[in-house]
Amino acid sequence: MLVFIAAMTLEATALIQFYYSQKSIRTEANRRAESQLEATNNRILDIINQAEAAVRNSVWITQWTLEHPDSMYRVSQRLVEDNPVVVGSTVALVPGYDKTRPLFSPYVYSNEAGELIFRSLATEEYDYPSQEWFTRPLELGQGYWSEPYVDDGGGDMLMTTFSVPIYDRKGRAAAVLTADVSLEWLSSLVADVKVYPKAFSLMLSRSGLIMVSPVETLAMKRTLKDFISTLDDTTGLADLSDILLSGESGNILVDYKGSTSYVYFSPVPRTGWSMSIVIPENEVYGGLRKMGTIVLVMQLLGLAMIIVMLRAFIREQSRARDLDMTRERIQNELHVATGIQMSMVPKTFPPFPERHDLDMAAIIVPAKQVGGDLYDFFIRDEKLFFCVGDVSGKGVPAALVMAVTRTTFRNISSTEDSPGRIVRAMNDGLSSMNESNMFVTFFCGVLDLKNGVLRYCNAGHNPPRILTDDIYTLEVEPNLPLGIIGGSEFKEQEIPFHYDDAICLYTDGLTEAENFYHEQFGEERLDKCLRGRKGAKDHLDNIKREVDRFVDGAPQSDDLTVLFIHYLPTTLRMTLPNDVSQIGRMPGFISDAIKASKLDPQVEDSLNLALEEAVTNVMMYGYPKGTYGEVTIAATVTEKSLVFTISDNGKAFDPTVRPDVDINAPVEERPVGGLGILLIRKIMDKVWYERRGERNVLILTKNY
Amino acid sequence: MEVKIVRENGEVTVILSGRLDTPASMEIAPQMDELTNEAGGTIIMDCSDLSYISSSGLRIFITLRKAAAVKGGKIIVRNISSEIRSVFMMTGFLNLFEIQ
Numbered sequence: 087m088l089v090f091i092a093a094m095t096l097e098a099t100a101l102i103q104f105y106y107s108q109k110s111i112r113t114e115a116n117r118r119a120e121s122q123l124e125a126t127n128n129r130i131l132d133i134i135n136q137a138e139a140a141v142r143n144s145v146w147i148t149q150w151t152l153e154h155p156d157s158m159y160r161v162s163q164r165l166v167e168d169n170p171v172v173v174g175s176t177v178a179l180v181p182g183y184d185k186t187r188p189l190f191s192p193y194v195y196s197n198e199a200g201e202l203i204f205r206s207l208a209t210e211e212y213d214y215p216s217q218e219w220f221t222r223p224l225e226l227g228q229g230y231w232s233e234p235y236v237d238d239g240g241g242d243m244l245m246t247t248f249s250v251p252i253y254d255r256k257g258r259a260a261a262v263l264t265a266d267v268s269l270e271w272l273s274s275l276v277a278d279v280k281v282y283p284k285a286f287s288l289m290l291s292r293s294g295l296i297m298v299s300p301v302e303t304l305a306m307k308r309t310l311k312d313f314i315s316t317l318d319d320t321t322g323l324a325d326l327s328d329i330l331l332s333g334e335s336g337n338i339l340v341d342y343k344g345s346t347s348y349v350y351f352s353p354v355p356r357t358g359w360s361m362s363i364v365i366p367e368n369e370v371y372g373g374l375r376k377m378g379t380i381v382l383v384m385q386l387l388g389l390a391m392i393i394v395m396l397r398a399f400i401r402e403q404s405r406a407r408d409l410d411m412t413r414e415r416i417q418n419e420l421h422v423a424t425g426i427q428m429s430m431v432p433k434t435f436p437p438f439p440e441r442h443d444l445d446m447a448a449i450i451v452p453a454k455q456v457g458g459d460l461y462d463f464f465i466r467d468e469k470l471f472f473c474v475g476d477v478s479g480k481g482v483p484a485a486l487v488m489a490v491t492r493t494t495f496r497n498i499s500s501t502e503d504s505p506g507r508i509v510r511a512m513n514d515g516l517s518s519m520n521e522s523n524m525f526v527t528f529f530c531g532v533l534d535l536k537n538g539v540l541r542y543c544n545a546g547h548n549p550p551r552i553l554t555d556d557i558y559t560l561e562v563e564p565n566l567p568l569g570i571i572g573g574s575e576f577k578e579q580e581i582p583f584h585y586d587d588a589i590c591l592y593t594d595g596l597t598e599a600e601n602f603y604h605e606q607f608g609e610e611r612l613d614k615c616l617r618g619r620k621g622a623k624d625h626l627d628n629i630k631r632e633v634d635r636f637v638d639g640a641p642q643s644d645d646l647t648v649l650f651i652h653y654l655p656t657t658l659r660m661t662l663p664n665d666v667s668q669i670g671r672m673p674g675f676i677s678d679a680i681k682a683s684k685l686d687p688q689v690e691d692s693l694n695l696a697l698e699e700a701v702t703n704v705m706m707y708g709y710p711k712g713t714y715g716e717v718t719i720a721a722t723v724t725e726k727s728l729v730f731t732i733s734d735n736g737k738a739f740d741p742t743v744r745p746d747v748d749i750n751a752p753v754e755e756r757p758v759g760g761l762g763i764l765l766i767r768k769i770m771d772k773v774w775y776e777r778r779g780e781r782n783v784l785i786l787t788k789n790y
Numbered sequence: 063m064e065v066k067i068v069r070e071n072g073e074v075t076v077i078l079s080g081r082l083d084t085p086a087s088m089e090i091a092p093q094m095d096e097l098t099n100e101a102g103g104t105i106i107m108d109c110s111d112l113s114y115i116s117s118s119g120l121r122i123f124i125t126l127r128k129a130a131a132v133k134g135g136k137i138i139v140r141n142i143s144s145e146i147r148s149v150f151m152m153t154g155f156l157n158l159f160e161i162q
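So the protein lines, in turn, are chains H and V. Each position in the first sequence, counted from 1, maps to that position plus 86 in the numbering used here. Each position in the second sequence, counted from 1, maps to that position plus 62 in the numbering used here.
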């Protein structure tokens, strides 16, 4: 029965978590595909608009040439010359409009070498009055984009033609003005849309002709309908072409030979084209499926172990006559169960020996009666994800919930960066277990190791201690613990984390550890252990020693967990707006950087001066007055020096080219300015400027 | 940053205290520009409580010094800290001012 309940709990949690992860991944896929469609559509429209505008701007001059047909080729010539997207153009007279010229259509196009070629389209075999580009605009009375075609005249180019009807002053249809627009850019633009590695894009023309597809041989040869009809299994694809060409945007699920794909589609306005992105379903959920399988296997293994243990235990029990002995056995079995659970938390310290910016340590001391404490941490994308939690209740159920909590944390934070959203998703998954009245107090933190920002979300856990120059309790929102009400909101918070700051997370088993007189260890004693700057491990050894001394052998009633994280970045970063009044924020930053390096603290004033000169220079001259800009300062600690990199995207400005002021000149000849760069040069050991792309980069080095 | 101007016995004493960084210099610049009218006499810059100076602060000093050179006055800099002395050294200001 116990095993059954445990199995149900585990599977229910896994399923719910799976469902929520799936939902959020689906939302993400939707967002990616839709924004890509929109972005590509906008870029196509840009070019379409350019071409339309060029043609419409030439309408009045074409009307004027109706009385001077010999000048018509000039209109076309200018269209081609002035507009890079237009490769050919003609003004074609309506047959019979001009009695002296029954057919007249001077055509100008630019060949592969870029030379302009003039030709007449008024030939019998071509018969322009029957061509689509000529007839459609006259029928419609408005501009018309032709079906795309491959131009066999010059270099097999993919083209489309925009044509407008021209009316004379009496309102009679007189001619058609056209612009041939090259679509060579289209295939690379569309093919470049890569939402997922195995996703691909498709562009269809108004009639369903495949313009761009990953299979190049299909392009401009077949319609989608035609292509689908050649496939072995057309059941799931029958309406696809019609849906894509309906002029609506949206997404559908398509089955082909047992594999499912999402198809996102959107029309390209005016042209009648339809752009779509096809994403195989396993591409979207591939990671999740894999993870789901791993979780399932792990859970089954865990269950199998519990069953084996319980079986052994039951067999023993039936033989055992002595009830006390049995009870002790239960304890032992539960202890083994805890041992298995505890092996899930990271135990190797230092955990990241290759990193010098983190000093971490953790301990977890299970009580005699099994509880459900946990901690966990890992680094992804230069962010440290960490958590501490305490499951209510005791025994195997608590240990199981702890295992599920830890797995859920790993799963969700493998794709999610925001601690608020991680906690919310975890709560939604765990709330299903509320029947057993279990909940988890949980603290989740994400420390951005690049810029020292700590974001966190606290779900009813006791707030951690922060160690700066001072020791204080981190301010936390009063969020509910996990697993109480699904759908609850969890407020996320943020504090800056500076060089040498530390955070000490713990469970109440620490501060509520009791001695024989039922006195508690308390926060004051904890703070005493945290005082003074030591390595993370020394702090924890100290805490453990002091707790042991305090309880003096009294039985431990609750698990005790401490996680200590000390932040020692080798690169510190600060970004200031171009506002001189922000200069006051620099001394603290420079002081941190000096602390992180081996520089003598006495150089602080002079470094501050050099940096202030460099940064005010950018603030006052880098950006036009009244516009917003930013200056970024990074301080990197190296073996031999502290290196400051000051960068901005203001106008190009090299402060180092200015010659030094002659400091021995008499007062009358001394200029008022120029002292800033002089001071920088005298204070720093190396001053180097370079322009990197659109950024000014000034590198100031101070050796130890 | 604080500035106090005391006029006594025909001398002007400017007492500067705090950090004379770029924003502070911009704040007191108009006040100090007006002082150039009195640069024909003796102006004492009392730096006993001045802890820091940047080039925009130095600009204020040299503007006064140039005005004194034209009008035949005198600028005396009094009680500078060792940090500010080193800035004066780097910029050649030790030769431009009478330092007490």
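Even for Gly, the Cβ is constructed at its ideal location relative to N, Cα and C. Note that the structure is a prediction, hence the values are computed from the model and not measured.
Beta-carbon proximity check, residue i vs residue j, cutoff 7 Å
i: residue 516 of chain H; j: residue 546 of chain H; result: no
i: residue 768 of chain H; j: residue 151 of chain V; result: no
i: residue 349 of chain H; j: residue 362 of chain H; result: yes
i: residue 166 of chain H; j: residue 196 of chain H; result: yes
i: residue 327 of chain H; j: residue 233 of chain H; result: no
i: residue 102 of chain V; j: residue 154 of chain V; result: no
i: residue 718 of chain H; j: residue 657 of chain H; result: no
i: residue 544 of chain H; j: residue 562 of chain H; result: yes
i: residue 678 of chain H; j: residue 585 of chain H; result: yes
i: residue 231 of chain H; j: residue 221 of chain H; result: no
i: residue 106 of chain H; j: residue 514 of chain H; result: yes
i: residue 446 of chain H; j: residue 651 of chain H; result: yes
Candidates the options: closest to residue i by CA position
i: residue 722 of chain H; options: H/509, H/767, H/655 and H/762; result: H/655
i: residue 716 of chain H; options: H/727, H/401 and H/701; result: H/701
i: residue 690 of chain H; options: H/497, H/672 and H/703; result: H/672
i: residue 213 of chain H; options: H/589, H/190 and H/462; result: H/190
i: residue 170 of chain H; options: H/183, H/146 and H/139; result: H/139
i: residue 83 of chain H; options: H/736, H/358 and H/314; result: Because chain H spans 87 through 790 in this model, residue 83 of chain H falls outside it and cannot be assessed.
i: residue 291 of chain H; options: H/607, H/243, H/360 and H/680; result: H/360
i: residue 771 of chain H; options: H/728, H/694 and H/116; result: H/728
i: residue 732 of chain H; options: H/699, H/749 and H/746; result: H/699
i: residue 95 of chain V; options: V/65, V/67, V/158 and V/122; result: V/122
i: residue 95 of chain H; options: H/489, H/574 and H/649; result: H/489
For residue i, the three-state DSSP class (helix, strand or coil)
i: residue 240 of chain H; result: Summary for residue 240 of chain H: the model assigns pLDDT 49, below 50, so the residue's position carries little reliability; its value from the coordinates is reported in the next sentence. Here residue 240 of chain H sits in coil by DSSP.
i: residue 751 of chain H; result: coil
i: residue 625 of chain H; result: helix
i: residue 98 of chain H; result: helix
i: residue 101 of chain V; result: coil
i: residue 67 of chain V; result: strand
i: residue 667 of chain H; result: helix
i: residue 150 of chain V; result: helix
i: residue 212 of chain H; result: coil
i: residue 142 of chain V; result: coil
i: residue 464 of chain H; result: strand
i: residue 94 of chain V; result: helix
i: residue 351 of chain H; result: strand
i: residue 85 of chain V; result: helix
i: residue 539 of chain H; result: strand
i: residue 316 of chain H; result: coil
i: residue 189 of chain H; result: coil
Notebook entry, point to check: Quick one: complete alpha helix (DSSP H) runs, 4+ long, within the segment 563-615 of chain H?
Noted result: 594-597
### Query
Within the chosen definition, does the segment 245-265 of chain H reach the segment 273-288 of chain H through at least 3 CB pairs nearer than 8 Å?
no
Q.
With three or more C-beta pairs closer than 8 Å as the rule, is the segment 754-769 of chain H touching the segment 111-129 of chain V?
A. yes
- request: Select from the segment 682-694 of chain H all residues with a C-beta closer than 8 Å to any C-beta belonging to chain A, and list them in chain order.
  value: Protein chains in the displayed structure are H and V, and chain A is not among them.
Counting only runs of 3+ residues fully inside the segment 697-741 of chain H, write out the beta strand (DSSP E) ranges in chain order.
-> 716-723 and 727-734
Q.
Quick check: the segment 773-780 of chain H against the segment 81-89 of chain V, are at least 3 beta-carbon pairs closer than 8 Å?
A. no
**Q.** Touch test, the segment 457-477 of chain H against the segment 592-600 of chain H, Cβ-Cβ under 8 Å, three pairs minimum
**A.** yes
Take every Cβ of the segment 436-446 of chain H, pair it with every Cβ of the segment 603-610 of chain H, and state whether three or more of those distances are shorter than 8 Å. no
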